[in-house]
Ligand code: TXE
């Protein structure tokens, strides 16, 4: 039984009230560990550690900060296989995915901001003719809260922590209680990298207790959150009256728009990935597929055939394409949406059922599922399922495709397959999303602004956007004779 602890002031400590939660292995449904269910007393302890470290850390040179973040990146890379195994066991994702994507990206997050902080600068403005000069300081905020979800545990945990500490803040970070393991392992790595005590504090527990305590803490001045839209709305209600800075990266219900003039083979191969990568548990997955009528039947046949070849299996198997879903309750949520879709007239073209993997009968496995729908107003096209389930329907004109794509409360990302430049520009400008991929999916440049509009959140992460979020801009005006 792996009992993990909070990482506060550079030490591993038990929760003060000695409350613990079970941690499940999604591949076999067994309890394999325990994590603290931290309370406000633990958050106070973490806050005091962070506040005590802030003065020194915010005055640490950029060169030293950069060196420490680079060292953390290097150690993550050195421990790639160990961390990938821990991630795969905790989340249920295939070991191949954790090894190729999750852990390398966690290292890249630290390496990117190790470099970015040495290039981040602020503006000056000369008030010509008035003998005055203005310059802007971008100072660290102080103690900030980072709360992350279970789908890409270390990938998204570090995506927040790296810019926050690079900018000179001290952090109280809470991973999802569903996938705490790699966050726990990051603590040791930060100590080994020489990150001073108290700069990063990792606390575990339920969102409604531990997460809530972070958001409610009067002196934690900014919250960076990734998770569900409903949770994001709740956090906003709590934090707004306290005038905290908020970065909310929430759910998505992303259109994948396919025109007949696309590079068909590349589109098909990428669409299988954008539909089912990480068991469809990525806020950027293209879960609503819209196909131009002239190739609809061909695409339907080819897509179903390809998806039926996907291997659902134990995450540790190299041959596994689709691992376990993250929890029993999440599998039931996904399953319920297939039923809802059928009740609303949807037709399951493939999948739709829970899978029993021999030897792992209590694991949480579900078939990759394609559902043909008649119109975009059905619930499965309006609500985030966040599992290996996509819908498809056809369209006739560009106007219709654009209207279908935008007719949803979310606005995170969109994927467009076409070789028509005018159409590309018109769609890119009119799609109501924070991200548009054209003839690709999930190609990421960490310098770019990342985030969504509408119900997909507020603010942007990534590049200098993240460093601006984690700093306060102060304008200083000097009059001279
Ligand atoms: O997110 P939650 P979950 C969507 C997806 C998924 C749904 C719920 O639809 O089914 O969100 O997933 C903490 N105060 N996405 O359960 O519940 C919680 O402990 C403070 C999309 O992961 O929002 C966890 O650490 N914190 C998303 C984190 O918030 C609270 C990726 C996320 O939990 C809290 C994941 C509270 N009151 C899910 N309640 C994306 N956009 O990538 C919970 N938390």
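Numbering (my numbering), first residue to last: 86 to 566. Quick reminder that beta carbons are idealized off the backbone N, C-alpha and C, glycines included.
Run of the alpha helix (DSSP H) containing residue i, from where it starts to where it stops
{"i": "residue 268", "result": "266-277"}
{"i": "residue 317", "result": "314-324"}
{"i": "residue 549", "result": "548-554"}
{"i": "residue 349", "result": "349-361"}
{"i": "residue 422", "result": "413-428"}
{"i": "residue 148", "result": "147-163"}
{"i": "residue 240", "result": "238-251"}
Beta strand (DSSP E) segment containing residue i, residue limits
{"i": "residue 502", "result": "498-502"}
{"i": "residue 373", "result": "373-377"}
{"i": "residue 333", "result": "330-334"}
{"i": "residue 225", "result": "217-225"}
{"i": "residue 307", "result": "307-311"}
{"i": "residue 535", "result": "Segment: none, residue 535 is in no beta strand (DSSP E) and carries neither H nor E."}
{"i": "residue 478", "result": "474-480"}
{"i": "residue 432", "result": "432-435"}
{"i": "residue 369", "result": "Unbroken run through residue 369: none, as it is neither H nor E."}
{"i": "residue 455", "result": "454-457"}
Assumed close pair residue i, residue j - CB separation to whole angstroms, cut-off 8 Å
{"i": "residue 299", "j": "residue 232", "result": "7 Å"}
{"i": "residue 268", "j": "residue 238", "result": "7 Å"}
{"i": "residue 303", "j": "residue 407", "result": "Rounded, the Cβ-Cβ distance is 45 Å, inconsistent with contact."}
{"i": "residue 292", "j": "residue 95", "result": "No, residue 292 and residue 95 are not in contact; Cβ-Cβ is about 25 Å, not under 8 Å."}
{"i": "residue 556", "j": "residue 201", "result": "About 12 Å; that fails the 8 Å criterion."}
{"i": "residue 496", "j": "residue 517", "result": "5 Å"}
Chain-order list of residues whose beta-carbon lies under 6 Å from that of residue i (same chain, five-residue window excluded)
{"i": "residue 314", "result": "335, 336, 540"}
{"i": "residue 130", "result": "93"}
{"i": "residue 374", "result": "341, 475, 477"}
{"i": "residue 486", "result": "342, 375, 480"}
{"i": "residue 165", "result": "188"}
{"i": "residue 534", "result": "545, 547, 550"}
Of the listed residues the options, nearest to residue i (C-alpha basis)
{"i": "residue 137", "options": "264, 322, 227", "result": "227"}
{"i": "residue 100", "options": "549, 290, 524", "result": "290"}
{"i": "residue 198", "options": "98, 223, 245, 388", "result": "245"}
{"i": "residue 532", "options": "248, 180, 175", "result": "248"}
{"i": "residue 445", "options": "401, 472, 484, 180", "result": "401"}
{"i": "residue 102", "options": "203, 294, 492", "result": "294"}
{"i": "residue 500", "options": "523, 333, 483, 484", "result": "523"}
{"i": "residue 327", "options": "393, 150, 397, 308", "result": "308"}
{"i": "residue 241", "options": "208, 195, 286", "result": "195"}
{"i": "residue 562", "options": "235, 212, 495, 370", "result": "212"}
{"i": "residue 536", "options": "259, 529, 519, 526", "result": "519"}
{"i": "residue 530", "options": "420, 285, 512, 547", "result": "547"}
{"i": "residue 87", "options": "171, 350, 377, 222", "result": "171"}
{"i": "residue 515", "options": "140, 159, 453, 484", "result": "484"}
{"i": "residue 359", "options": "349, 370, 183, 264", "result": "370"}
{"i": "residue 147", "options": "254, 183, 396", "result": "254"}
{"i": "residue 356", "options": "141, 135, 527", "result": "527"}
Cutoff 7 Å; reference residue i; Cβ partners in own chain excluding five residues on either side
{"i": "residue 448", "result": "111, 112, 113, 114, 409, 442"}
{"i": "residue 455", "result": "388, 389, 392, 434, 435, 436, 475, 477"}
{"i": "residue 551", "result": "248"}
{"i": "residue 564", "result": "216, 217"}
{"i": "residue 419", "result": "410, 451, 470, 472, 474"}
{"i": "residue 125", "result": "298"}
8 Å Cβ shell around residue i - same chain, five flanking residues per side excluded
{"i": "residue 306", "result": "226, 227, 228, 229, 329, 330"}
{"i": "residue 351", "result": "524"}
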